[in-house]
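In our numbering, the protein residues as written are 46 to 301.
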Amino acid sequence: MTNTSIIASARRIVIKVGSSSITGVNESQLDLIVDLATRLMKTKEVILVSSGAIATASPIIGLTAKPEDLATSQALASIGQARLMSRYEASLSRYGKLPGQVLLTVDNLSDQQSAENALGALERLLELGVLPIINENDSVATQEIRFGDNDQLAAQVAALVNADLLILFSDIEALYTKPPTQPGAEPIPVVPFAGSLEGVEIEGTSTGYGTGGALTKVAAARLATEMGVGVILTSTKHASEIDSKDHIHTWFEPKV
Ligand code: GLU
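So this is what it looks like as C-alpha cells:
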C-alpha cells in the first residue's frame, strides 16, 4: 500500500521520531515533524513520541558522546527534556498550537490504573487540540526497568490509545534485506502480519545518540501490529510530504 493512502485512511496516528533525526546536524528536521503533525491534526488525532532529551543536553554541558552511567544520563535527560519541549513549543507556535508533555515509565503502562490515567490525560489533550508529546521519564526510570528505546514506548502508546497507525521516522528509508550500506540491499515494501523475516539481516547497532537501529524498529513494529496497529517505517527526511507523496517505506500490516 502507498504511504499516502495508509495515512489518508487513518483516524488516530502516533508519530515517533528519534534523537538523531531532530538534534545536531538534523536539528532543523524538528520543524518538519511539527509541520506534518499540525497538518494531520486538521483532520486526525495525532500523538508524538519524541526522543532527543539526552542528545539535546549533551552539547549544552560540553559532552561529545552519549554518557555511559545512569545518573549522568538521567541528569542530561532532565536538562534536555526542558530544552526539547521549548523547541517544540516554539515550532508549534508557528501554527498557534501547544504541546502537552507526557513523561511515562514502564510502570505507568504496566499498571492498569496508571495506564488508564495516562489514557485519560491523552484523550483530554486531544480534545483540547493540543499535541501530546511523549518521552520516557528518563530521570526516574532505572536501568533494569526501562523501555530503553522509544520505539518500544511508541508501540505501547499506540496500543494504549487504540491508534490505527504508527509512523516510525528513522535515519533509514525502510527495512532493507540487508544493512542499506551493503551492495544489493533492497527495501522491503510490505511485511505481512506475523510474516517471516527469515534471511533478512536486521542490524541492531546504535549510532550516536540513537538506540537500536533496525532491530528495535522491527521489534516495535511486531508489538504494534500484534495489537492491531499498522506501522509505516520511513525516513525523517520524508516527513514534510509523507501524507502527499509516495516514498520508499516499509508497511507492517496489522493483525485484523
Ligand atoms: N528517551 C531518550 C531521550 O529522550 C531516548 C531513548 C531512545 O533513544 O529511544 O534522550
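We treat Cβ as the ideally placed atom computed from N, Cα and C, and that holds for glycine.
Terminal residues of the continuous alpha helix (DSSP H) containing E181?
Unbroken run through E181 is the beta strand (DSSP E), L176 to E181; no alpha helix (DSSP H).
Kindly indicate which three-state DSSP category P299 falls into: helix, strand or coil?
coil
Near the ligand GLU: N353 beta-carbon under 6 angstroms from a heavy atom
There is simply no residue 353 to check, as the chain begins at 46 and stops at 301 in what is shown.
Report whether the distance from the Cβ of S184 to the nearest heavy atom of the ligand GLU is below 6 angstroms.
no
Extent of the continuous alpha helix (DSSP H) run through G165
Q157 to E172
Per DSSP, which one or two residues make a beta bridge with P144?
L176
Taking just the CA atoms, how far does R128 sit from I179?
14 angstroms
Would you mind sorting Q201 into buried or exposed? The rule is 16 or more other CB atoms within 10 Å of its CB.
buried
I301 classed as buried or exposed, judged by whether at least 16 other C-beta atoms fall within 10 angstroms:
Reading off the sequence shown, one finds Val at residue 301, where the question assumed Ile. It counts as exposed.
Suppose contacts are defined by Cβ-Cβ distances below 7 angstroms. Is L210 in contact with L278 by that definition?
no
Euclidean distance between Cα positions of N48 and H292
7 angstroms
Using three-state DSSP, classify G244 as helix, strand or coil.
coil
Contacts around Q126, its chain only, beta-carbon distance under 6 angstroms, and the 5 residues preceding and following it disregarded
A98
Quick check on the DSSP output: the alpha helix (DSSP H) that includes S285 runs from which residue to which?
Note, S285: premise wrong, no alpha helix (DSSP H); not H, not E.
In whole angstroms, give me the CA-to-CA distance for V151 and T187.
10 angstroms
Quick one: measure Cβ to Cβ for P228 and W296, integer angstroms, because I've assumed they're closer than 8 angstroms.
Not quite, the Cβ-Cβ distance comes to about 25 angstroms (not below 8 angstroms), so this is no contact.
Determine whether the beta carbon atoms of S280 and D80 lie at a separation below 7 angstroms.
no
Can you pull the DSSP bridge partners for L278?
L213 and T295
Check whether the Cβ atoms of K89 and A199 sit closer than 7 angstroms, and answer yes or no.
no
Output the boundary residues of the alpha helix (DSSP H) element that contains L205.
N195 to L205
Heavy atom of the ligand GLU less than 6 angstroms from the Cβ of A203, yes or no?
no
P232 by DSSP, collapsed to three states: which one?
strand
Taking buried to mean at least 16 other C-beta atoms within 10 Å of its own C-beta, is E181 buried or exposed?
buried
In the structure shown, what three-state DSSP assignment does R57 receive?
strand
Note down, in chain order, each residue of its chain lying with its Cβ closer than 6 angstroms to the Cβ of S96, except the 5 sequence neighbours on either side.
G63, S64 and N195
With P144 and M130 assumed to form a contact (beta carbons below 8 angstroms), what rounded beta-carbon distance in angstroms separates them?
6 angstroms
Supposed contact pair I217 and A265 - C-beta distance, whole angstroms, cut 8 angstroms
With a Cβ gap of about 14 angstroms, A265 and I217 do not count as contacting.
For L75, which option in S215, A166, Q158 and T222 has the closest C-alpha, if you only look at C-alpha atoms?
S215
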